[in-house]
Amino acid sequence: MDNALVKQWQENNAQVLERELYGLNEESQHYGLTLSHEGAQALCQGREAALVDTGRMELGPGVLPKIVRALLDSPYLVQRNYEETLYAFQNLFYTVKGELFENYSDDALIQIMVTAFNGQCGGDLAALSGYLEETRCHKE
Amino acid sequence: MPQRMMTTTKSRTVQTLESKREEEERWQLLTQLVKDYTKGEHSSLPVERVEDLMASMEYTLAQTPPSFGPLAQRFEAGQKIIVVKTAQAKKLLAQVMVTAPDYGTRSYVDTLKVLPLFFKAYKPRFFAHEIPCDIDYQLAVPLDNEALGVDGFMDYLQCLLWENRFLARYDGKRVIKILRAVHPHYHQLLINMALPVMERALSRALLEEPLWALTMNPQLTERLEAFHTHHPRQEVAKAYEIAAVTLAQALDLKDGEPYLKQVAQDFWPRAMVKE
Numbered sequence: 001m002d003n004a005l006v007k008q009w010q011e012n013n014a015q016v017l018e019r020e021l022y023g024l025n026e027e028s029q030h031y032g033l034t035l036s037h038e039g040a041q042a043l044c045q046g047r048e049a050a051l052v053d054t055g056r057m058e059l060g061p062g063v064l065p066k067i068v069r070a071l072l073d074s075p076y077l078v079q080r081n082y083e084e085t086l087y088a089f090q091n092l093f094y095t096v097k098g099e100l101f102e103n104y105s106d107d108a109l110i111q112i113m114v115t116a117f118n119g120q121c122g123g124d125l126a127a128l129s130g131y132l133e134e135t136r137c138h139k140e
Numbered sequence: 141m142p143q144r145m146m147t148t149t150k151s152r153t154v155q156t157l158e159s160k161r162e163e164e165e166r167w168q169l170l171t172q173l174v175k176d177y178t179k180g181e182h183s184s185l186p187v188e189r190v191e192d193l194m195a196s197m198e199y200t201l202a203q204t205p206p207s208f209g210p211l212a213q214r215f216e217a218g219q220k221i222i223v224v225k226t227a228q229a230k231k232l233l234a235q236v237m238v239t240a241p242d243y244g245t246r247s248y249v250d251t252l253k254v255l256p257l258f259f260k261a262y263k264p265r266f267f268a269h270e271i272p273c274d275i276d277y278q279l280a281v282p283l284d285n286e287a288l289g290v291d292g293f294m295d296y297l298q299c300l301l302w303e304n305r306f307l308a309r310y311d312g313k314r315v316i317k318i319l320r321a322v323h324p325h326y327h328q329l330l331i332n333m334a335l336p337v338m339e340r341a342l343s344r345a346l347l348e349e350p351l352w353a354l355t356m357n358p359q360l361t362e363r364l365e366a367f368h369t370h371h372p373r374q375e376v377a378k379a380y381e382i383a384a385v386t387l388a389q390a391l392d393l394k395d396g397e398p399y400l401k402q403v404a405q406d407f408w409p410r411a412m413v414k415e
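Protein sequence lines, in the order shown, are assigned to chains A and B.
Quick note, in this note's numbering, the first sequence goes up one by one and the last residue is 140.
Quick note, in this note's numbering, the second sequence goes up one by one and the last residue is 415.
See the structure below:
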């Protein structure tokens with residue numbers, strides 16, 4: 001695939017995503033959460049890096065807006081850790097998607113992750129990572 | 141700015157905009173294809189899978205000329221053409237099956253069993269460029285155009301059909317004799333069955349011997365060797381080319397003339413080395 005073309009496409013995608021993420025602030029403000037321009041930008045860059053690291057490609061705005069919406073009412077999410085948590089959650093999503101949950105739809109995987117994050121993992125992303133690995137091993 | 145230069149600059153700008161618009165259309169089409177492929181359930185895919193979908197899309201688009209219209213329209217038209225070609229390939233395969241000789245090698249028989257699986261496994265919507273069956277049997281002249289998808293499959297079938305028709309021109313017992321001369325257990329080998337017969341027939345055509353027979357007795361072999369020895373290479377090459385034309389005409393297989401010429405071209409340098 002033409003790398004320059006892919007890069008250009010990713011950049012266009014990132015701009016659309018950035019706008020969409022920033023637009024989500026209207027919803028997230030009800031939960032006391034706001035994403036800064038820099039935060040949205042960092043998330044887009046993180047998404048790109050995570051996709052490269054996991055050898056995946058995303059066409060369209062991708063999964064990030066869904067992740068944001070699914071996490072808005074998390075009891076473990078506060079303004080202080082909002083951007084940082086989204087960033088790490090997104091990374092974890094792409095990692096486990098490729099390695100462990102390829103056959104799960106995005107919605108199903110997000111639901112598994114969010115339920116565990118809010119529940120038994122107590123908002124701890126390292127614990128969530130371990131939980132996902134264990135869950136997948138048991139299913140195999 | 142001079143008028144001519146202004147026109148050139150303007151036309152370049154239009155070209156750039158056109159190509160940018162086409163690239164955007166391409167990405168939109170690919171995005172839609174990914175969405176359809178994942179049934180909207182996965183926003184990301186492994187890069188290799190996206191590359192496959194892209195190759196399939198390009199293969200489908202190549203079925204129609206660029207002037208056809210918007211890319212999405214071209215894509216759908218290309219899909220329709222592929223469906224028609226797939227139906228044609230089915231008919232071609234039926235002809236291959238009917239004409240298949242009953243003394244086939246293992247790889248030939250195995251390939252005949254595998255070929256119908258193409259139609260079961262072929263997914264033109266997303267993987268139109270693939271040939272989803274393992275074809276072991278090698279043709280006398282390997283396909284060099286590397287055509288993809290149903291086009292590549294049809295090219296293979298067309299050659300195989302022609303080889304079948306060539307072999308059918310000869311008595312099966314004579315063919316088996318030649319194949320046994322290649323190897324007593326020829327049917328276990330991954331060899332092409334038509335090639336040794338074609339080479340023998342070409343040798344006889346070159347010597348202007350009757351073409352219904354396939355024997356090469358010591359006298360004929362000696363004459364052939366003498367011909368190779370006493371003629372410059374260019375003349376030998378030309379003589380084999382003429383032999384290919386003669387053979388195709390004699391067997392009433394004019395459509396296979398280029399195929400036989402290619403076999404002859406590959407054969408004569410080897411025939412000279414044998415000596």
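Built from N, CA and C at the ideal position, the CB exists for glycine as well.
Can you list, in chain order, the residues of its chain with a C-beta nearer than 7 Å to that of residue 304/B? Leave out the 5 residues immediately preceding and following it. The residues are 236, 239, 240 and 241.
Any chain B beta carbon closer than 8 Å to residue 106/A: At least one chain B Cβ lies under 8 Å of residue 106/A.
Exposed or buried, residue 270/B, counting other C-beta atoms within 10 Å across all chains shown (16 or more means buried)? Burial check for residue 270/B: the Cβ neighbour count within 10 Å reaches 16 or more, so the residue is buried.
Flag residue 187/B as yes if its beta-carbon sits less than 8 Å from any beta-carbon of chain A, otherwise no. Chain A, which has a Cβ nearer than 8 Å to the Cβ of residue 187/B, makes this yes.
Would you say residue 184/B lies against chain A (beta-carbon separation less than 8 Å)? Residue 184/B counts as touching chain A.
Inter-residue Cα distance where the pair is residue 59/A and residue 293/B: One Cα belongs to residue 59/A, the other to residue 293/B, and the distance between them is close to 31 Å.
Report the three-state DSSP secondary structure of residue 185/B (helix, strand or coil). Of the three classes helix, strand and coil, the one that applies to residue 185/B here is strand, per DSSP.
Would you tell me roughly how many angstroms separate the C-alpha atoms of residue 370/B and residue 272/B, rounded to the nearest one? Using only the alpha carbons, I get a separation of about 50 Å.
Which same chain residues, not among the five before or five after residue 88/A, have their C-beta less than 7 Å away from its C-beta? Taken in chain order, the residues that qualify are 125.
Nearest to residue 312/B by CA position, among 243/B, 158/B, 230/B and 286/B, is which residue? Minimum Cα-Cα distance from residue 312/B among the listed residues 243/B, 158/B, 230/B and 286/B corresponds to 243/B.
Quick one: grab the DSSP three-state call for residue 113/A. Helix.
Helix, strand or coil for residue 68/A per DSSP? Helix.
Considering residue 314/B, what are the terminal residues of the alpha helix (DSSP H) in which it resides? Note, residue 314/B: alpha helix (DSSP H), 312 to 322.
Chain B contact residues for residue 57/A, given Cβ-Cβ distances below 9 Å: Within chain B, the residues 174, 184, 185, 186, 187, 189, 190 and 191 have their CB atoms less than 9 Å from the CB of residue 57/A, given in chain order.
Chain-ordered residues of the segment 41 to 67 of chain A with a beta carbon less than 7 Å from chain B: Answer in chain order: 51, 55, 56, 57, 58, 59, 60, 62 and 63.
What are the boundary residues of the alpha helix (DSSP H) that includes residue 309/B? First-last for residue 309/B: undefined, no H or E at that position.
In chain order, which continuous runs of the alpha helix (DSSP H) of length 4 or greater are located wholly inside the segment 224 to 288 of chain B? The qualifying runs are 246 to 254, 257 to 261 and 264 to 267.
List the residues of chain A that residue 288/B touches, going by C-beta distances under 7 Å, in chain order. Within chain A, no C-beta atom comes less than 7 Å from the C-beta of residue 288/B; the nearest is roughly 16 Å away.
Boundaries (first-last residue) of the alpha helix (DSSP H) holding residue 338/B: From DSSP, the alpha helix (DSSP H) with residue 338/B extends over 334 to 346.
On the DSSP bridge list, what partners appear for residue 57/A? Answer by DSSP bridge pairing, in chain order: 185/B.
Answer with buried or exposed for residue 160/B, where buried requires no fewer than 16 other C-beta atoms within 10 angstroms of its C-beta. Its Cβ having fewer than 16 others within 10 Å, residue 160/B is exposed.
Assign residue 106/A to buried or exposed, taking buried as 16 or more other Cβ atoms, counted over all protein chains shown, within 10 Å of its Cβ. Classification of residue 106/A: buried, given that the 10 Å Cβ count is 16 or more.
Extent of the continuous alpha helix (DSSP H) to which residue 382/B belongs: Residues 373 to 390.
In chain B, which residues lie with their C-beta within 9 Å of the C-beta of residue 94/A? Within chain B, the residues near residue 94/A are 184.
I'd like to check one pair, residue 64/A with residue 41/A: are the Cβ atoms closer than 8 Å? Going by beta carbons, residue 41/A and residue 64/A fall outside the 8 Å limit.
Considering only the alpha carbon of each residue, which of 11/A, 14/A, 68/A and 10/A lies closest to residue 85/A? Comparing Cα positions, the closest option is 68/A.
Can you name the residues of chain A whose CB is closer than 7 Å to the CB of residue 211/B? In chain order: nothing, as chain A lies at least about 15 Å away.
For residue 352/B and residue 186/B, I'd like the C-alpha separation in whole angstroms. So the alpha carbons of these two residues sit roughly 57 Å apart.
Which chain A residues sit within Cβ distance under 7 Å of residue 170/B? Per Cβ cutoff of 7 Å: 59.
Quick check on this structure: which residue in 180/B, 176/B and 169/B has the alpha carbon closest to the alpha carbon of residue 201/B? Taking only the C-alpha atoms, the option nearest residue 201/B is 169/B.
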